[in-house]
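Please read the structure below before turning to the comments.
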């Protein structure tokens, strides 16, 4: 039996066709996005930021949200980089198909572009790790059926997909068997852009810097030129992103939850240190000497980071008020730790963490059987699998990175199992292939959820439409007003209507979050007085909203509990009669002169 060795051209076209099929199948979910219904709060707020940019209401460097009326002034800390691509698509298409449809197309095209990019990077990484064609196909399939896809479907336009694409691109550059200037430039450019995009990418960025440094420590002189260019690119790209990305051009940025001065200077010092080392001592005699030089450069960079802003070594949400931390942040889905995820839904937790752990095991097995030339590359794969899995135990948001690298490791191992079956055939090798494919794939870790699903509970669940364009159509038709909303309805209100919201789920607006928690959990007798201080003239309520149910459970005698039980105070007057309502959200006028 011949081994699996199709021609490079054949392999390339097989991968391209498979990737196009995957993207095409995912694009079939574009219906809601094309009609303007995006996936989540951040996606809606992102599109609103793009609207403000295109209309001229906000400049490139100003990402505060003018219709988020909080004590902090609607302060945001988002990068403009995703806006650049979304805005370009809308700008080009709106003269042809109108603004609304152009936004829908952009909300579909941008995630599909990222998915295509990520699938290509998965295939490239697997090839550089020594995978067979079947392994590359398996890795791409595993990625497309993993949790990573959650942020790559139509309507997902926030920064998560772009962050993963840059992480995998930097990883592919690190694995490049041709240690040329291009791979060094790509890897060095990805790191500062990742940090500017979202500070949650800091661990992956640090691992990429460590990877290029370790490659020089292990391989010596043949990596010196690449390390020199990598360091120089770090310096240049760090400066460009700090100056030109938002919120930039504002002097000193002593922040920890975004790309701030401490991160910027540490990249400058670290990149300069790598450049100097690779230039002055490109062929340092021993790995111990090379290790010592890299350790000195890393220590100096870390020291500058600490001196400039030592608080950034701690939790980036350390300044969040305690009541906001316990009442809101602890309930944010992507911010939950493993214990909270298991407590909420054990079946989903098995999928999230089981597949991530399987990726660690698969990477370890592939490392143990690696030939000499691939040991370092597969060591890097194991390191990234461990990094993603460990961080996901702390915050679920990292499961996206964990699953992406688990897909690469699982695809690599499955390809080897398939190749072994082709050579040997027989029932035993077929059984091994099935077991590997099951345990190393996301599908295998979804089975517990399918087996444990309670059909009766699902049948009893009532779905309320609180955030769609249709549900908020009547609210949008009203003249502009200030509306007091639950935290999770602030972004939909701003996106779908011309109104102003008093709160939205963004941690820089902690006083607005605290005020909302206090009102909904507090007594009905104080709610109207406290709402008046926010400037709100109306209240938006949607029955069945998870946030409101949580408030009612936490404070059975509070304002939210009264609303949930139908005990509407007489100072709230519905603006639309019940028989004329077309959506679940109800807009109430707040009557301040009624006893």
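In this note's numbering, the protein residues as written are 7 to 601. Beta carbons are placed, not taken as given, at the ideal position from N, Cα and C, and that holds for glycine.
When the distance is taken between beta carbons, is residue 142 closer than 8 Å to residue 158?
Here residue 158 is taken as the residue at index 152 of the chain shown, counted from 1. Here residue 142 is taken as the residue at index 136 of the chain shown, counted from 1. With respect to the 8 Å criterion, residue 158 and residue 142 are not classified as neighbours on the basis of their beta carbons.
Among 344, 364, 535, 590, which residue has its Cα nearest to the Cα of residue 598?
Here residue 598 is taken as the residue at index 592 of the chain shown, counted from 1. Closest by alpha carbon: 535.
Where residue 463 and residue 549 are concerned, what is the direct C-alpha to C-alpha distance, given to the nearest angstrom?
Residue 463 sits at position 457 when you count from the first residue of the chain shown. Residue 549 sits at position 543 when you count from the first residue of the chain shown. Here residue 463 scores only 49 on pLDDT, less than 50, and its place in the model should not be relied on; the value that follows carries that caveat. Distance between the alpha carbons of residue 463 and residue 549 is about 19 Å.
Report the option in 362, 583, 74, 533 whose CA atom is closest to the CA atom of residue 505.
For the purposes of this step, residue 505 is identified with residue 499 of the chain shown, where counting begins at 1. Closest in alpha carbon position to residue 505, among 362, 583, 74, 533, is 74.
Taking Cβ positions, are residue 277 and residue 244 nearer each other than 8 Å?
Stepping through the chain shown from its first residue, residue 277 is reached at position 271. Stepping through the chain shown from its first residue, residue 244 is reached at position 238. Yes.
Quick check on residue 545: buried or exposed, where buried means 16 or more other Cβ atoms within 10 Å of its Cβ?
Against the chain shown, residue 545 aligns to sequence position 539. Residue 545 comes out buried.
Any idea if residue 54 is buried or exposed, counting beta-carbon neighbours within 10 angstroms, 16 or more meaning buried?
In the chain shown, the residue the question calls residue 54 occupies position 48. So residue 54 ends up on the buried side.
Touching or not, the segment 221-240 and the segment 29-38, by the rule of three or more beta carbon pairs under 8 Å?
no
Specify the secondary structure class of residue 596 as computed by DSSP and reduced to three states.
On the chain shown, position 590 is the one that residue 596 refers to. DSSP places residue 596 in strand when its eight states are reduced to three.
Looking at the structure shown, is residue 547 part of a helix, part of a strand, or coil, going by DSSP?
Your numbering for residue 547 matches position 541 in the chain shown. Three-state DSSP puts residue 547 in a strand.
Between the alpha carbons of residue 56 and residue 262, how many angstroms are there, rounded?
In the chain shown, counting from the first residue as 1, residue 56 sits at position 50. In the chain shown, counting from the first residue as 1, residue 262 sits at position 256. Approximately 24 Å, taken between the alpha carbons.
Please specify which runs of the alpha helix (DSSP H), each continuous and at least 4 residues long, are wholly inside the segment 83-153, giving them in chain order.
For the segment 83-153, whole alpha helix (DSSP H) runs of length 4 or above, ordered along the chain, are 87-103, 105-134, 139-150.
Would a C-beta distance cut-off of 8 Å place residue 46 and residue 120 closer than the cut-off?
Taking the chain shown and counting its residues from 1, one reaches residue 46 at position 40. Taking the chain shown and counting its residues from 1, one reaches residue 120 at position 114. It is not a contact, given that the beta carbons lie outside the stated cut-off.
Mind reading off the beta-carbon distance from residue 283 to residue 300? Whole number of angstroms is fine, and I expect it under 8 Å.
Looking up residue 283 in the chain shown gives position 277. Looking up residue 300 in the chain shown gives position 294. Rounded, the Cβ-Cβ distance is 7 Å, consistent with contact.
Taking only three categories from DSSP, how would you classify residue 581?
As a position in the chain shown, residue 581 is number 575, starting the count at 1. Of the three classes helix, strand and coil, the one that applies to residue 581 here is coil, per DSSP.
Quick check: the segment 181-200 against the segment 227-247, are there 3 or more CB pairs under 8 Å?
yes
Is the beta carbon of residue 482 sitting closer than 8 Å to the one on residue 502?
Here residue 482 refers to the residue found at position 476 when the chain shown is read from its first residue. Here residue 502 refers to the residue found at position 496 when the chain shown is read from its first residue. Yes, the Cβ-Cβ distance between residue 482 and residue 502 is below 8 Å.
Check residue 396 in the structure and name its three-state DSSP category.
In the chain shown, the residue the question calls residue 396 occupies position 390. Residue 396: helix per DSSP, three-state reduction.
Just verifying my parser: in three-state terms, what is the DSSP assignment at residue 470?
For this step, residue 470 is matched to residue 464 along the chain shown. Looking at residue 470 - three-state DSSP - the assignment turns out to be coil, as it is neither helix nor strand.
I'd like to know if the segment 399-415 and the segment 148-155 are in contact, where contact means that at least 3 CB-CB pairs between them fall below 8 Å.
yes
Apart from the five residues just before and just after residue 140, which ones in its own chain have a Cβ nearer than 8 Å to its Cβ?
On the chain shown, position 134 is the one that residue 140 refers to. Excluding positions up to five away in sequence, the list reads 10, 420, 421, 424, 425.
Residue 644 to residue 123, Cα distance in whole Å?
Nothing about residue 644 can be read from this structure; the chain reaches only from 7 to 601.
Keeping to the same chain, check which residues put their C-beta closer than 7 Å to that of residue 270; ignore five residues upstream and five downstream.
Your numbering for residue 270 matches position 264 in the chain shown. So the qualifying residues of the chain are 244, 248.
Helix, strand or coil: which one does DSSP assign to residue 31?
Numbered from 1 along the chain shown, position 25 holds the residue referred to as residue 31. Residue state, collapsed to three classes: helix.
Have a look at residue 58 and residue 83 and give me their C-alpha separation to the nearest angstrom.
Stepping through the chain shown from its first residue, residue 58 is reached at position 52. Stepping through the chain shown from its first residue, residue 83 is reached at position 77. Cα-Cα distance, rounded: 15 Å.
Tell me which residue opens and which closes the alpha helix (DSSP H) that residue 347 is part of.
For the purposes of this step, residue 347 is taken as residue 341 along the chain shown, with counting starting at 1. For residue 347, the enclosing alpha helix (DSSP H) begins and ends at 344-350.
Can you tell me where the beta strand (DSSP E) with residue 275 in it begins and where it stops?
On the chain shown, residue 275 is found 269 positions in, with the first residue counted as 1. Segment 267-286 is the alpha helix (DSSP H) holding residue 275; no beta strand (DSSP E) there.
Less than 8 Å between the C-beta atoms of residue 85 and residue 204, yes or no?
Here residue 85 corresponds to residue number 79 of the chain shown, with the count starting at 1. Here residue 204 corresponds to residue number 198 of the chain shown, with the count starting at 1. Against a cut-off of 8 Å, the Cβ pair of residue 204 and residue 85 comes out as a contact.
What's the call for residue 76, buried or exposed, on a 16-neighbour Cβ count within 10 Å?
Counting from one through the chain shown, the residue named residue 76 turns up at place 70. With a 10 Å radius around the Cβ and a threshold of 16 neighbouring Cβ atoms, residue 76 comes out buried.
By DSSP, does residue 69 sit in helix, in strand, or in coil?
The residue given as residue 69 occupies position 63 in the chain shown. The answer is coil: DSSP assigns residue 69 none of H, G, I, E or B.
If we ignore side chains and look at the alpha-carbon of each, how far apart do residue 554 and residue 398 end up?
By one-based count along the chain shown, residue 554 stands at place 548. By one-based count along the chain shown, residue 398 stands at place 392. Those two C-alpha atoms are separated by around 27 Å.
With burial defined as no fewer than 16 other Cβ atoms inside 10 Å of the residue's Cβ, what is the status of residue 500: buried or exposed?
Here residue 500 refers to the residue found at position 494 when the chain shown is read from its first residue. With a 10 Å radius around the Cβ and a threshold of 16 neighbouring Cβ atoms, residue 500 comes out buried.
For the structure I just gave you, are there three or more beta carbon pairs, one from the segment 327-334 and one from the segment 385-404, closer than 8 Å?
no
Helix, strand or coil: how does DSSP classify residue 481 here?
One-based indexing of the chain shown puts residue 481 at position 475. Three-state DSSP puts residue 481 in a helix.
Taking all protein chains shown into account, decide if residue 14 is buried (16 or more other Cβ within 10 angstroms of its Cβ) or exposed.
Indexing the chain shown from 1 puts residue 14 at position 8. Exposed is the call here.
Report the option in 259, 590, 427 whose CA atom is closest to the CA atom of residue 478.
If you number the chain shown from 1, residue 478 lands on position 472. Ranking the options by Cα distance to residue 478, first place goes to 590.
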